[in-house]
Each structure stands twice: as structure tokens, then as C-alpha cells.
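Numbering (this note's numbering), first residue to last: 302 to 552. Note that beta-carbon positions come from the ideal geometry of N, C-alpha and C, so glycine has one too. It should be emphasised that the depicted structure is a prediction, and the values quoted were computed from it without experimental measurement.
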């Protein structure tokens, strides 16, 4: 026969909070939560690229930090690393995206049914106008030029070479049809592209020079510069047409 005694307490569930005394070990040391990158909105990659492009143009690669890019994009750093594995990968993505965009426009001109002369004029105008729209790329390229292109990888060079091949293809077409003089397409590319890159990267200097020299700053306007570059190319390619007005219009 069992003796009467106090009723037994039900067992407390493991890790349940205690009413009195010290908390359980698990309650004292909860497992830390790792913050995620946050909501991945459709435009988050675009915002990262836009912010990175502005920062790289303003401060260069070494002076730009992921923190600055995140602050400009109004995203956290985890979101940046979700899209890009490193600052270097983000930098090369900026360049590839820019040159892909410009290359697409120029390739469409080369594939058109226009004459080689009209294509060359439109190539020059489009490069300058797109360079103005993508205003940060020229300062980045001048820094890379000064530093020997040490951060450009093979894939980035391939994207850049597409622009070279587009222009040299137009020149070779004009030579093959007897419309252009016997010029070296590669050398013409160098004497066309780099003056345009310098023009696009030096807007503040141009305005300062105009102020100090006291001449009309509109003499540096894009339409005047485009016409000047077109005229120089015509003198190289078609000496007899050097004095003519612009051959092609950009719609």
C-alpha cells in the first residue's frame, strides 16, 4: 500500500523559461542570427552599378570603398556582395557594362546600309553623345591609361576591342569599295578615339581655360567638337571631301 505524500511536479520542457532563478544555458546564449543582404529588389544591381560608377570616377579604384558605394546606393554591403564577389569584380563589371552599351550603338551603325563615309560620321557623333550620357566612363579610362590598365582583365579587353573592330571594319569597307584612301585603320582608330575620350573627361578644365583665356566657352560645345572630329577624319579618309559639311546625322 502506497503512502500518501506530496504530488509530483510535471517535468519542465527543455529550454523553457524558468519562473525563478538563473535562465537556462540556451536562454542565456541564444544562437546569433546572421543578417542577410536585405530585400533583393529588381533594380538593386542597377543601383549598385550606378553608385559604383560614380564613386570610381570621382575617387579612382583605390580611393573608393564598398562602404561609400553602399551609402550612395542606399543599400547594405551584404547586398553588394550578393551581386559582386569583390570590389575588383564590381569595377570590371562597371567597365564591361559601359563598353557593351556603347558598342551596341556603334555596331548598329556599322551594320546599317549607309555609305562608309556616313557611318564614320555617325560613329564619331554617337561615341561623343553616348560618352556624355555615360559621363563617368571617361575619367575612369583616363585613370586606367595613366596606370597602365593594370586592373583590366581579359574579358574587359574583349568588350573594348569590339569598339575597335567596329570602327576598323567601317574603314576597311570604305577602302575595299574605293571610297576611302589607303589609311591604316588601327592608327586612325587611335587618333579618333583618344581625343574623344580626353574631350569627354575634361569638361571642368575646358570651362576654366575658357574663363582664363576669355573666349566664348561655347566654342567647346559638343556639336562643334563632333563636327571638328568628323572633318579631321574626312581629311584622312577622303581628302577631296575635307571641306564638306557633316555627312551623317544622328537621329
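Sequence-distant residues of its chain with Cβ nearer than 7 Å to residue i (five each side left out)
i, result
"residue 521", "507 and 511"
"residue 356", "365, 369, 370 and 373"
"residue 358", "437, 440 and 441"
"residue 454", "393"
"residue 481", "417, 472, 475, 538 and 539"
"residue 464", "400, 403, 404 and 407"
Simplified DSSP assignment, three categories, for residue i
i, result
"residue 488", "helix"
"residue 454", "coil"
"residue 377", "coil"
"residue 448", "coil"
"residue 435", "coil"
"residue 536", "helix"
"residue 345", "helix"
"residue 473", "helix"
"residue 481", "coil"
Proximity winner among the options, relative to residue i (alpha-carbon distances)
i, options, result
"residue 535", "502, 493 and 518", "493"
"residue 497", "516, 505, 425 and 479", "425"
"residue 499", "380, 447, 384 and 422", "447"
"residue 474", "421, 428 and 509", "421"
"residue 427", "405, 363 and 350", "405"
"residue 382", "363, 408, 353 and 410", "353"
Nearest-angstrom Cβ-Cβ length linking residue i and residue j, presumed shorter than 8 Å
i, j, result
"residue 435", "residue 394", "So it is not a contact: roughly 14 Å between Cβ atoms."
"residue 400", "residue 461", "5 Å"
8 Å CB neighbourhood of residue i in its chain, flanking five on each side removed
i, result
"residue 561", "Residue 561 is absent from the structure shown; the chain starts at 302 and stops at 552."
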